[in-house]
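**Student:** Residue numbers (our numbering): 2 to 296. We treat Cβ as the ideally placed atom computed from N, Cα and C, and that holds for glycine. Quick one: this structure, given as C-alpha cells, is what I'll be asking you about.
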C-alpha cells in the first residue's frame with residue numbers, strides 16, 4: 002500500500018501503537034519529513050525524560066524545524082532550538098514552545114484526555130497548520146478529542162507476538178468499518194452514565210467493556226456508541242457482540258493506516274496471518290530508507 006503522507010497537511014494526526022519500541026516516534030519523525038508548513042506537536046504518556054523509567058533505554062527524540070510549535074515539560078531545557086515561549090499550561094508544568102532553530106526535542110502532554118482538545122486548539126491558534134500527537138502505547142483514546150483526525154497504528158510483530166498483534170489489527174480494522182450516524186452526536190454531548198433506548202435504538206454512553214456488553218438486552222438490535230475508542234473488547238468479544246446487532250458510531254475516526262515494522266518475521270508469514278482486510282490498510286516500514294530530511 003502506497004501513501005502520499007504530504008496530504009496530511011491541515012489534519013490532526015494521532016500515532017498510537019502496540020508494544021514497546023514499536024516505532025511510533027520514528028514514524029512521527031518520518032511524517033515530519035513529509036508534511037510541509039508549521040507543525041504542532043504534543044504527546045500522551047510522555048514525561049520528557051531522556052530514559053525510559055522501566056527499561057532504562059534511551060527514548061527517541063523528535064526533530065523539529067524553525068516555525069514548529071510543540072508542548073514540552075517545563076523542567077527540561079531545550080536550548081538547541083532557540084525556544085520562544087508562547088504559552089503555559091497546568092500551572093506551569095507544560096509550556097508551548099516555538100522552535101527558532103532546527104534541533105531535537107522531547108514532547109509532553111496534558112494529564113487527562115479531555116484536555117487534549119483545548120491544547121490542540123491552542124496549537125492551531127498559535128500557527129500550527131498540522132497537529133501530530135505521539136499517542137500512548139496501545140491506547141487510541143486521544144483520537145476522540147479532536148475533529149478531522151487521522152489515526153495511524155504502529156506495530157512491530159515478531160514470531161512471539163504475531164498472533165496477538167494481528168488480533169489487535171483485525172479489531173481496529175473491523176471497528177473502522179462500522180458505519181457512522183452523525184445525526185446521533187447530540188446524545189453524547191451531555192454527560193450520561195446509563196444507556197437509553199430512543200425510537201428502538203440503544204444509545205450507549207461511556208466505555209463498552211465485556212461486562213457491560215453482557216448486560217445489554219438481547220432484544221436491542223441497533224446500538225449507537227460514541228466512537229471506536231470507547232470499545233474495550235478484544236477481537237473475539239467484538240465479533241460475538243456484533244454478530245446479531247447493527248452497530249453504529251456517532252463520530253467517525255478515520256483509521257488511515259497500519260504501520261508495520263517486521264522483526265525476525267517475513268512478509269509472507271505476516272500476510273498469511275493478517276488477511277486481506279488488514280493488508281489493505283498496511284504500510285511496511287515507510288521510514289526504513291528515509292534520511293529524515295525535511296522536503
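1) Any chance you could list the beta strand (DSSP E) runs of at least 3 consecutive residues sitting entirely within the stretch 233-279, in chain order?
2) Buried or exposed: where does residue 18 fall if 16 or more other Cβ atoms within 10 Å of its Cβ makes it buried?
3) Rounded C-beta distance between residue 262 and residue 23? I'm assuming under 8 Å.
4) For residue 142, which residues from the same chain have a beta carbon less than 6 Å from its beta carbon, with the 5 sequence-adjacent residues on both sides left out?
5) Counting C-beta neighbours from all protein chains within 10 Å, is the total for residue 89 16 or more, i.e. buried, or is it exposed?
6) Contact between the stretch 225-242 and the stretch 200-215: three or more CB pairs below 8 Å?
7) Enumerate in chain order the residues of its own chain whose CB-to-CB distance from residue 155 is below 6 Å, with the five nearest sequence positions on each side excluded.
8) In the DSSP assignment, what residue or residues form a beta bridge with residue 150?
9) With distances taken from CA atoms, which of 273, 121 and 271 is nearest residue 11?
10) Taking the beta strand (DSSP E) that residue 96 belongs to, which residues open and close that run?
11) Spatial neighbours of residue 173 within its chain, please: CB distance less than 7 Å, with the 5 preceding and 5 following residues excluded, ordered by chain position.
12) So with Cβ pairs under 8 Å, would you call residue 186 a contact of chain E?
13) Suppose the cutoff is 6 Å on Cβ atoms and the five residues either side in sequence are ignored; what does the same chain contact list for residue 278 look like?
14) How long is the line joining the alpha carbons of residue 56 and residue 187, rounded to whole angstroms?
15) DSSP state of residue 166, grouped into three classes?
16) Let's test the definition: count the other Cβ atoms within 10 Å of the Cβ of residue 7 and tell me whether it reaches 16, buried, or not, exposed.
17) Roughly how many angstroms separate the alpha carbons of residue 284 and residue 5, rounded to a whole number?
18) How far does the alpha helix (DSSP H) with residue 121 in it reach, from first residue to last?
19) Express the C-alpha separation of residue 268 and residue 13 in angstroms, rounding to a whole number.
20) So what's residue 197 in DSSP terms, helix, strand or just coil?
21) Quick test of your reading: residue 31 and residue 218, contact by CB under 8 Å. State the CB separation rounded to the nearest angstrom.
22) CA-CA distance, residue 246 and residue 81?
23) Note down, in chain order, each residue of its chain lying with its Cβ closer than 8 Å to the Cβ of residue 145, except the 5 sequence neighbours on either side.
**Tutor:** This is what the structure gives:
1) When DSSP assignments are scanned along the stretch 233-279, the uninterrupted stretches of beta strand (DSSP E) that are 3 or more residues long and fall wholly within it turn out to be 247-250 and 255-261.
2) Residue 18 should be labelled buried.
3) Right, the Cβ-Cβ distance comes to about 7 Å (below 8 Å), so this counts as a contact.
4) Within the same chain, residue 142 has close Cβ partners 114 and 230.
5) Burial call: exposed.
6) Yes: the two stretches touch, three or more of their Cβ pairs being nearer than 8 Å.
7) So the qualifying residues of the chain are 18, 23, 24, 25, 28 and 260.
8) Note: residue 150 sits in a beta bridge opposite 13.
9) The shortest C-alpha separation from residue 11 is found at 121.
10) That run of the beta strand (DSSP E) goes 95-99.
11) Within the same chain, Cβ atoms closer than 7 Å to the Cβ of residue 173 are found at 154 and 256, the five residues on either side in sequence being excluded.
12) This model lacks chain E altogether, as it is built from one protein chain only.
13) Hits under 6 Å: 174.
14) Caution is warranted here: a pLDDT of 47 is assigned to residue 56, below 50, making its placement in the model unreliable, and the coordinate value is therefore given only provisionally. One alpha carbon belongs to residue 56, the other to residue 187, and they sit about 44 Å apart.
15) If DSSP states are grouped into helix, strand and coil, residue 166 belongs with the helices.
16) Here residue 7 is exposed, its C-beta having fewer than 16 other C-beta atoms within 10 Å.
17) Their Cα atoms are separated by approximately 11 Å.
18) Boundaries of the alpha helix (DSSP H) harbouring residue 121: 117-126, taken from the DSSP string.
19) Near 30 Å, if we compare the C-alpha coordinates of residue 268 and residue 13.
20) DSSP, reduced to helix, strand and coil, places residue 197 within a strand of the structure shown.
21) Residue 31 to residue 218, Cβ: 47 Å. No contact.
22) The alpha-carbon atoms of residue 246 and residue 81 are separated by roughly 55 Å.
23) Same-chain partners within the cutoff: 114, 227, 228, 230, 231, 252 and 254.
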